[in-house]
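This report concerns only the one structure given below.
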Amino acid sequence: VNDSLGYEVGDDLLRSLSHRLRGAVGPHETLARLGGDEFVVVSTARQGRSDLAEHARAFLSVFDTPLHAVGQEIYLNASMGIALYPDDAGSPEQLLRAADTAMNDAKAERETGFAFFQTEMASAAHDRLTLANELRRALQQEELSVAYQPVFDARDGRIVAFEALARWHHAVRGDVSPSVFIPVAERAGLVDDVGDFVRRTAYGWLIEAQAAGFSDLQINVNVSPYHFRRGSVTRLVDEARSCGVDPHSVTLEITESALVDAKAPVVQLLDE
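Its first residue numbered 8, the sequence shown is counted upward by one per residue in our numbering.
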C-alpha cells in the first residue's frame, strides 16, 4: 500500500484497521500496535484452545471486508500466531517471541490463517532464518540461475515457448529445490527480488533469441501468489514493456492457489 498509494494513505488505512480491530476485542483483552503493520492482543481470560481458535477465526474475519481509500477498495490479509502463558513461555518477552514464531508459521497456513505455538516451530524458524540469510547472500552475489524448460505444441511437436524457472545451486547444500526456497523467500520478503532476477534474466534471454531469428518465441514466467495477494500483477506487464519486451511475448503463469488466496478482486486483476 505504501509503495503504490503512498505513506499517508497507508497510515490512514492503519488507523481505520485499528478502529475495526478494537471492535473485535473482548472485555478481557487489550489491543496494542507493536509497530509497522503488527498488532498484539493480550487476553487474560482463561480459554481453551478450541475457544481461542474460534475467537481467532472471528478476529481474522475483520479482514474479509475491504477498507476504502482514495476511491478504491483495499483488501488486506492477516496472519495470527497464538502463544499461551505459562505453557509456551515464562515471560512477556518470551511470550511475544513465541507468538511471533507461530505467526510466521501461520503465514503458510492458507486454511485458517492462524497457528498455535509449538516447540518444534522454534527449530524450524531457526532453519528458515538461516536459509533466508543464505538466499539473501545468494541474490547479492548472483548465485541464482535461470533454467529454460521448453513448451511444446501438442499438435505438431514444435517448441513454442520456454518457461523460465529459478534455480539455486548452494555451495554446501547442493541444489535447493524451488519448493523449499520460494516459500522461504516469501516469508523473508525476498520473493520480489527472486522474481525480479528471473524476469530480468529471462527477458534478456528472450530479446537475444528473438534477435537471432526466433521472432515468434515466447517466455513463460511464474507469478507468485504473493503478487496476487498484493494486487500488483499489472505492474509485471509494465515491467516487461520497460525491458524492451513485447508483453504479448510473455505469458504470466498463475497457480490456482494464487487465485483462491487473492484478497484483491480476482476478475478485476485478470481484466487489467
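From the three backbone atoms N, C-alpha and C, an ideal C-beta is built for every residue, glycine too. Model, not experiment: these values are computed from the prediction.
Going by the DSSP bridge assignment, what does residue i pair with across the sheet?
{"i": "residue 231", "result": "Residue 231 pairs with nothing; no bridge assigned."}
{"i": "residue 47", "result": "39"}
{"i": "residue 152", "result": "174"}
{"i": "residue 259", "result": "228"}
{"i": "residue 166", "result": "159"}
{"i": "residue 121", "result": "87"}
Leaving out the 5 sequence neighbours to the left and right, which residues in its chain are closer than 7 Å to residue i when beta-carbon positions are compared?
{"i": "residue 204", "result": "146, 151"}
{"i": "residue 173", "result": "151, 153, 185, 201, 205"}
{"i": "residue 59", "result": "89"}
{"i": "residue 28", "result": "38, 46, 69"}
{"i": "residue 73", "result": "80, 81, 82"}
{"i": "residue 101", "result": "none"}
Restricting to Cα atoms, I'd like to know which of the options is closest to residue i.
{"i": "residue 109", "options": "100, 99, 124", "result": "124"}
{"i": "residue 49", "options": "121, 174, 99", "result": "99"}
{"i": "residue 82", "options": "20, 94, 209, 231", "result": "20"}
{"i": "residue 170", "options": "213, 132, 129", "result": "213"}
{"i": "residue 41", "options": "104, 166, 35", "result": "104"}
{"i": "residue 95", "options": "111, 63, 80, 128", "result": "128"}
{"i": "residue 76", "options": "92, 62, 17", "result": "17"}
{"i": "residue 22", "options": "176, 164, 44, 245", "result": "44"}
{"i": "residue 92", "options": "70, 51, 250", "result": "51"}
{"i": "residue 140", "options": "221, 195, 78", "result": "195"}
{"i": "residue 231", "options": "244, 198, 219, 207", "result": "198"}
{"i": "residue 229", "options": "219, 244, 221", "result": "244"}
{"i": "residue 84", "options": "189, 64, 208", "result": "64"}
{"i": "residue 61", "options": "259, 121, 26", "result": "121"}
{"i": "residue 189", "options": "106, 260, 135", "result": "135"}
{"i": "residue 131", "options": "148, 24, 180, 112", "result": "112"}
{"i": "residue 156", "options": "241, 166, 97, 162", "result": "166"}
{"i": "residue 33", "options": "66, 149, 178, 182", "result": "66"}
{"i": "residue 24", "options": "208, 56, 71", "result": "71"}
{"i": "residue 137", "options": "106, 217, 164, 179", "result": "179"}
{"i": "residue 223", "options": "252, 106, 119, 97", "result": "252"}
{"i": "residue 133", "options": "107, 78, 149, 182", "result": "107"}
{"i": "residue 149", "options": "176, 164, 57", "result": "176"}
{"i": "residue 86", "options": "119, 242, 144", "result": "119"}
Quick one: residues in its chain with C-beta nearer than 6 Å to the C-beta of residue i, no 5 flanking neighbours on either side, listed in chain order?
{"i": "residue 168", "result": "158, 225, 227"}
{"i": "residue 319", "result": "Here the chain has residues from 8 to 279 only, and residue 319 is not among them."}
{"i": "residue 37", "result": "49"}
{"i": "residue 39", "result": "47"}
{"i": "residue 250", "result": "210"}
{"i": "residue 208", "result": "153"}
Taking residue i as part of the beta strand (DSSP E), name the residues at either end of that continuous run.
{"i": "residue 221", "result": "Note, residue 221: premise wrong, no beta strand (DSSP E); not H, not E."}
{"i": "residue 183", "result": "181 to 183"}
In its own chain, which residues sit with a C-beta less than 8 Å from the C-beta of residue i, not counting the 5 before and 5 after it?
{"i": "residue 297", "result": "Since the first and last residues shown for the chain are 8 and 279, residue 297 lies out of range."}
{"i": "residue 192", "result": "139, 142, 198, 200, 201"}
{"i": "residue 217", "result": "224, 256"}
{"i": "residue 35", "result": "50, 51, 52"}
{"i": "residue 187", "result": "138"}
{"i": "residue 260", "result": "170, 227, 228, 229, 230"}
What span of residues does the alpha helix (DSSP H) with residue i cover, start to end?
{"i": "residue 145", "result": "126 to 147"}
{"i": "residue 27", "result": "14 to 29"}
Just to check, is the beta-carbon of residue i closer than 7 Å to a non-hydrogen atom of the ligand NAP?
{"i": "residue 39", "result": "In the structure shown, the ligand NAP is absent, as is every other ligand, since no ligand is present at all."}
Every unbroken beta strand (DSSP E) within the region 61 to 103, with a cutoff of 3 residues, ordered by chain = 74 to 76, 79 to 81, 87 to 89
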